[in-house]
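Asker: Numbering (the working numbering), first residue to last: 132 to 341.
Structure incoming, see below.
Below is the structure:
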């Protein structure tokens, strides 16, 4: 029987290619997972070796395992509204990097994000939300600086979603762990936006949309 230790771990670029290919299958309606053999469940009980970590939004329309057509044990997923980077989220990501050694981290935003929309309302209109929601919203507002005020509301929301993804990526990279692993060449982190209507994930290049 193949043990977890003998399963070759993909590189960050190979992991990214797996996500791109999985999303293509999802978009075409050609997903692989019609069921899970009992042998697979038994093997998973021994441990996990996910090939990528996804920090995404809690939105019910954006489940990373479906979007990337990934099976059990293939993705380590952290989800919170607006993919806000809190100490608890940082701890989960540190676990993924230090113990699970996933080579790829993806910050996955999505079109029409309600948390980003609420943050825009706070930034431009002074809107206030329920106490704990406001704490979350206030964490997103710094990501929205520099937006063109002449844009239409829909265009501004689209730009804000991308800006929030980039903000989260930059905050992860700024952590001591992020800096250390990047210097070692053992970390690749990319931002992406899920297009709800088409089902496609658009990966952002460093200068895309800036």
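Note that CB positions come from ideal geometry on N, CA and C, so glycine has one too.
1) Report yes if the CB atom of residue 322 is closer than 8 Å to the CB atom of residue 297, and no otherwise.
2) Taking the C-alpha atoms as reference points, what is the distance between residue 268 and residue 252?
3) Would you check if the segment 206 to 224 and the segment 178 to 191 touch, i.e. whether three or more CB-CB distances between them fall below 8 Å?
4) What does a CB cutoff of less than 7 Å around residue 271 pick up in its chain, not counting 5 residues either side in sequence?
5) Can you give me the start and stop residues for the alpha helix (DSSP H) that residue 185 sits inside?
6) Would you call residue 241 buried or exposed, if buried means 16 or more other Cβ atoms sit within 10 Å of its Cβ?
7) Going by the beta-carbon positions, is the gap between residue 312 and residue 228 smaller than 8 Å?
8) Could you tell me the distance, in whole angstroms, from the CA atom of residue 264 to the CA atom of residue 293?
9) Give me the Cα-Cα distance between residue 237 and residue 320, rounded to the nearest whole angstrom.
10) Does the distance from the C-beta atom of residue 206 to that of residue 195 stay below 8 Å?
11) For residue 172, count neighbouring Cβ atoms within 10 angstroms of its own Cβ and tell me buried if that reaches 16, exposed if not.
12) Could you say which of 277, 201, 208 lies nearest to residue 151 if we only look at CA atoms?
13) So what's residue 156 in DSSP terms, helix, strand or just coil?
Answerer: With the structure as the only source:
1) Yes. Within cutoff.
2) A straight-line Cα-Cα distance of about 10 Å links residue 268 and residue 252.
3) Output reads yes: the segment 206 to 224 touches the segment 178 to 191.
4) Answer for residue 271: 213, 215, 246, 247, 250, 295, listed in chain order.
5) From DSSP, residue 185 is part of no alpha helix (DSSP H) but of the beta strand (DSSP E) over 183 to 187.
6) Burial call: buried.
7) The answer is yes: Cβ separation under 8 Å.
8) Cα-Cα distance, rounded: 21 Å.
9) Taking the straight line joining both Cα atoms gives about 6 Å.
10) Yes, the pair counts as a contact, with Cβ atoms nearer than the cut-off.
11) Only exposed fits residue 172, as fewer than 16 other CB atoms lie within 10 angstroms of its CB.
12) If we check each option's Cα against that of residue 151, 201 comes out closest.
13) In the three-state scheme derived from DSSP, where H, G and I count as helix and E and B as strand, residue 156 is classed as helix.
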